[in-house]
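A.B. asks: One structure coming up, written as structure tokens, with questions to follow.
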Amino acid sequence: MKVALIDVTRVIRSKNSGPFELTLDIMFKEKEMYELFKARNLINPELIATLYGVTPEEILSVVYFEPAQAIKATLKRLIPSGAPGDRDIYGAQQHGPLLDLEWELT
1 MKVALIDVTR VIRSKNSGPF ELTLDIMFKE KEMYELFKAR NLINPELIAT LYGVTPEEIL
61 SVVYFEPAQA IKATLKRLIP SGAPGDRDIY GAQQHGPLLD LEWELT
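Laid out in structure tokens, this is it:
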């Protein structure tokens with residue numbers, strides 16, 4: 001069965017976590033799907049690093065948060081929020097790479 005992240009989540013968003021960090025939030029519709037992603041560790045530092053073109057060391061954390069059926073990944077921003085050249089001062093438009101994720105789950 002092919003599973004697209006956008007089909008099993010109710011929220012996929014990004015936001016600043018201070019001027020030097022970006023947080024990605026993934027909130028699942030159903031507990032069973034959250035548990036499956038958690039058990040298989042489908043969202044992990046290596047995946048986030050690949051999607052965002054950074055090294056795994058730049059991924060500060062990937063946390064599976066049971067009470068919200070959510071995954072929170074935090075990574076270093078490439079440049080500080082509001083610095084010259086920053087194209088997304090709030091970090092609210094950085095979740096795009098997550099929207100195309102799909103897995104073949106058997």
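Residue numbers (UniProt numbering): 1 to 106. For every residue, glycine included, the Cβ atom is placed at its ideal position computed from N, Cα and C. Just so we're clear, the structure is a prediction, and the values are computed from it rather than from any experiment.
Over what stretch of residues does the alpha helix (DSSP H) that includes Thr50 continue unbroken?
C.D. replies: 45 to 52
A.B. asks: Assign Ala68 to one of three DSSP states: helix, strand, or coil.
C.D. replies: Three-state DSSP puts Ala68 in a helix.
A.B. asks: Does the segment 74 to 91 come close enough to the segment 25 to 37 that 3 or more CB-CB pairs lie under 8 Å?
C.D. replies: no
A.B. asks: Given a cut-off of 9 Å on the beta-carbon distance, is the pair Ala39 and Glu102 in contact?
C.D. replies: no
A.B. asks: Considering only their Cβ atoms, is the gap separating Thr74 from Ser17 smaller than 9 Å?
C.D. replies: yes
A.B. asks: If you check the beta carbons only, do Lys76 and Val63 fall under 9 Å apart?
C.D. replies: no
A.B. asks: Please work out which residues of its chain come closer than 6 Å, Cβ to Cβ, to Leu36, disregarding the five sequence neighbours upstream and downstream, and give them in chain order.
C.D. replies: none
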